[in-house]
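In order, the protein sequence lines correspond to chains W and C.
The working numbering runs 13 ahead of the 1-based position in the first sequence.
The working numbering runs 1 ahead of the 1-based position in the second sequence.
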Amino acid sequence: QSALTQPPSASGSPGQSVTISCTGTSSDVGGYNYVSWYQQHPGKAPKLMIYEVSKRPSGVPDRFSGSKSGNTASLTVSGLQAEDEADYYCSSYAGSNNFEWVFGTGTKVTVL
Amino acid sequence: EVQLVESGGGLVKPGGSLRLSCAASGFTFSSYSMNWVRQAPGKGLEWVSSISSSSSYIYYADSVKGRFTISRDNAKNSLYLQMNSLRAEDTAVYYCARGLGSGSYSFGDYWGQGTLVTVSS
Chain W
14 QSALTQPPSA SGSPGQSVTI SCTGTSSDVG GYNYVSWYQQ HPGKAPKLMI
64 YEVSKRPSGV PDRFSGSKSG NTASLTVSGL QAEDEADYYC SSYAGSNNFE
114 WVFGTGTKVT VL
Chain C
2 EVQLVESGGG LVKPGGSLRL SCAASGFTFS SYSMNWVRQA PGKGLEWVSS
52 ISSSSSYIYY ADSVKGRFTI SRDNAKNSLY LQMNSLRAED TAVYYCARGL
102 GSGSYSFGDY WGQGTLVTVS S
């Protein structure tokens, strides 16, 4: 299973919004409502921000939202804050043949 | 407080073996599926393996199938990854991550700090 495609970088000024795309196929993103998004600061473990396309774990600000259309999922960060600067990875269940998860290539979000 | 603490990483020669452990605390370990995810230096995340709460279901990425074995001991609140026939491309930080439970396939509401495995001669 190939990695999901994300843009290498995205940026925005404080208070603005940024949207990151995650493109897969009908065998992963398009086939299941199991898309997750993780935030990772340098040298730290990933943090779950969105699961099952649009659900937020407790403690995650509602500035973070997720959606999906066809084979592409998106993460939108509204009201950008300095602490949002990090790498973001999408992930999708890809179990058409066997249980498998595939991650995206990662997007570096810079707060200008 | 939920805690996941990995251990067992280190330097190993190609073809060698290593066993990683993940000690869990702060939650009912036996009720959750568990996962291993790795990250090569400077690279992205890669799902490695998953195990259901009772070990009934076990899954592996194709890249490690036949070489790695995931297991758990619910009495000891511990998750393991036995890694054999290690290759240079297995060099990575290995994280354990908890499944979300409640029937969801999703995982990663809690992660360990990671343990570095370096495969080099």
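Using N, Cα and C, we set each Cβ at its ideal position, and we do this for glycine too.
Self-check item: Contact under 7 Å by Cβ, Leu82 of chain C with Arg73 of chain C
Solution: no
Exercise. Put Glu47 of chain C into one of helix, strand or coil per three-state DSSP.
Key: strand
Self-check item: C-alpha distance - Tyr51 of chain W paired with Ser86 of chain C, whole-angstrom precision
Solution: 30 Å
Quiz item: Would the C-beta of Ser87 of chain W count as close to the ligand MN, meaning under 6 Å from any of its heavy atoms?
Solution: You won't find the ligand MN in this model; it holds no ligand whatsoever.
Practice problem: Starting from Asp74 of chain C, follow the beta strand (DSSP E) in both directions and report where the run begins and ends. | Solution: Element bounds for Asp74 of chain C: Phe69 to Asp74.
Exercise. Measure from the alpha carbon of Ser40 of chain W to the alpha carbon of each residue in W:Asn110, W:Val124, W:Tyr64 and W:Thr123, then state which is nearest.
Key: W:Asn110
Exercise. Out of C:Val6, C:Asn78, C:Ile59 and C:Ser18, point me to the one whose CA is closest to Thr92 of chain C's CA.
Key: C:Ser18
Self-check item: Helix, strand or coil at Glu113 of chain W [DSSP, three-state]
Solution: coil
Quiz prompt | Test: Leu117 of chain C CB closer than 7 Å to a CB of chain W | solution = No, no contact with chain W.
Quiz prompt | Gln40 of chain C, buried or exposed, once every other Cβ within 10 Å from all chains shown has been counted against 16 | solution = buried
Practice problem: With a threshold of 16 other CB atoms inside 10 Å of the CB of Pro19 of chain W, please say whether the residue is buried or exposed. | Solution: The residue you asked about is not Pro; residue 19 of chain W is Gln in the sequence shown. Buried, by the Cβ-count rule.
Practice problem: Give the straight-line distance between the Cα atoms of Lys81 of chain W and Cys35 of chain W, rounded to the nearest whole angstrom. | Solution: 9 Å
Quiz prompt | Any 3 or more C-beta pairs closer than 8 Å across the stretch 112-123 of chain W and the stretch 23-35 of chain W | solution = Result yes; three or more Cβ-Cβ pairs closer than 8 Å.
Quiz item: Between the C-alpha atoms of Ala62 of chain C and Asn75 of chain C, what's the straight-line distance to the nearest angstrom?
Solution: 23 Å
Quiz item: Within 7 Å (strictly less), CB to CB, does Gln114 of chain C reach chain W?
Solution: So, interface residue.
Quiz item: Once you ignore the five residues that flank Ser32 of chain C on each side, which residues in its own chain have a CB closer than 7 Å to its CB?
Solution: Ser54 and Gly102
Quiz item: In three-state terms, what does DSSP make of Ala107 of chain W?
Solution: coil
Quiz item: Rounded C-beta distance between Ser107 of chain C and Tyr64 of chain W? I'm assuming under 8 Å.
Solution: Ser107 of chain C to Tyr64 of chain W, Cβ: 4 Å. Contact.
Quiz item: Can you find a C-beta in chain W that's less than 7 Å from the C-beta of Ser107 of chain C?
Solution: yes
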